[in-house]
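Novice:
Residue numbers (this note's numbering): 117 to 302.
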């Protein structure tokens, strides 16, 4: 509506007084004055829950400035979300940190370093309907490597029995849920 009306900005009232750099339970007063659409999209996709991704996409597409304000306070400027005005790419800064406390990192040690092995492991996890987020494979040595990945801890715990079954052809290691790592036999 703001784009169709050619409004100067779209004000969004919520339970917080702006966009925060991180969880306010971790850092005191982490509010941002301004942030770009691209930065807000990235933060929203990584867990910042102040705005829905789709609303930021629409505002960015139509170049409608967004302002996040508190529904409970009459004062304060909130956070302005706008197009990037400072073209100085030589000054990298971190705008915010989004994190998820319900993620688990699993590391498989001694994985054969050969084509297709990551697909075997991650395919078995996908077959168990477990979403994998970050994947890191170390440089191999002596024909072996290590493979780490992150999953939603709750989802992994719910689906662990089916993962145990699907991984049986890959390794005889102990369950990563208890050891947080698995080792391939050499």
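Glycine included, C-beta positions come from ideal geometry on N, C-alpha and C. Computed from a predicted structure; not experimentally measured.
1. How should residue 155 be labelled, buried or exposed, when 16 other C-beta atoms within 10 angstroms of its C-beta is the threshold for buried?
2. Would residue 137 pass as a contact of residue 213 if the rule is Cβ separation under 8 Å?
3. Residue 241 and residue 248 - do their beta-carbons sit closer together than 8 Å?
4. Would you grab the beta carbon distance between residue 269 and residue 218 for me? Rounded to a whole angstrom, and I think it's under 8 Å.
5. Buried or exposed: where does residue 187 fall if 16 or more other Cβ atoms within 10 Å of its Cβ makes it buried?
6. Quick check for students: name the residue ranges of the alpha helix (DSSP H) that lie wholly in the segment 218-267, counting only runs of 4 or more.
7. Would you mind giving the Cβ-Cβ distance between residue 193 and residue 124, rounded to the nearest angstrom? I have them listed as a contact below 8 Å.
8. On a Cα-Cα basis, can you pick out the residue from 261, 275, 220 that is closest to residue 234?
9. If we ignore side chains and look at the alpha-carbon of each, how far apart do residue 198 and residue 272 end up?
10. What does DSSP give as the partner residues of residue 184 in its beta bridges?
11. Within the same chain, show all residues whose beta-carbon is closer than 6 Å to that of residue 147, passing over the 5 residues directly before and after it, in chain order.
Specialist: According to the data block:
1. The sequence position of residue 155 within the chain shown is 39, counting from 1. So residue 155 ends up on the buried side.
2. For this step, residue 137 is matched to residue 21 along the chain shown. For this step, residue 213 is matched to residue 97 along the chain shown. Yes, the pair counts as a contact, with Cβ atoms nearer than the cut-off.
3. Within the chain shown, the letter at position 132 stands for residue 248. Within the chain shown, the letter at position 125 stands for residue 241. Yes, the Cβ-Cβ distance between residue 248 and residue 241 is below 8 Å.
4. The residue given as residue 269 occupies position 153 in the chain shown. The residue given as residue 218 occupies position 102 in the chain shown. The Cβ separation is near 5 Å, so the contact holds.
5. Translated into the one-based positions of the chain shown, residue 187 becomes position 71. Burial call: exposed.
6. 233-243
7. Position 77 of the chain shown, counted from the start, is the residue given in the question as residue 193. Position 8 of the chain shown, counted from the start, is the residue given in the question as residue 124. Actually they are not in contact, since the Cβ atoms of residue 193 and residue 124 sit about 14 Å apart, beyond 8 Å.
8. On the chain shown, residue 234 is found 118 positions in, with the first residue counted as 1. Checking every option, the nearest Cα to that of residue 234 belongs to 261.
9. Walking along the chain shown from the start, residue 198 turns up at place 82. Walking along the chain shown from the start, residue 272 turns up at place 156. Their backbone Cα atoms lie some 38 Å apart in a straight line.
10. By 1-based counting over the chain shown, the position of residue 184 is 68. The partner list for residue 184 (beta bridge, DSSP) reads 128, 195.
11. For the purposes of this step, residue 147 is taken as residue 31 along the chain shown, with counting starting at 1. Hits under 6 Å: 134, 136.
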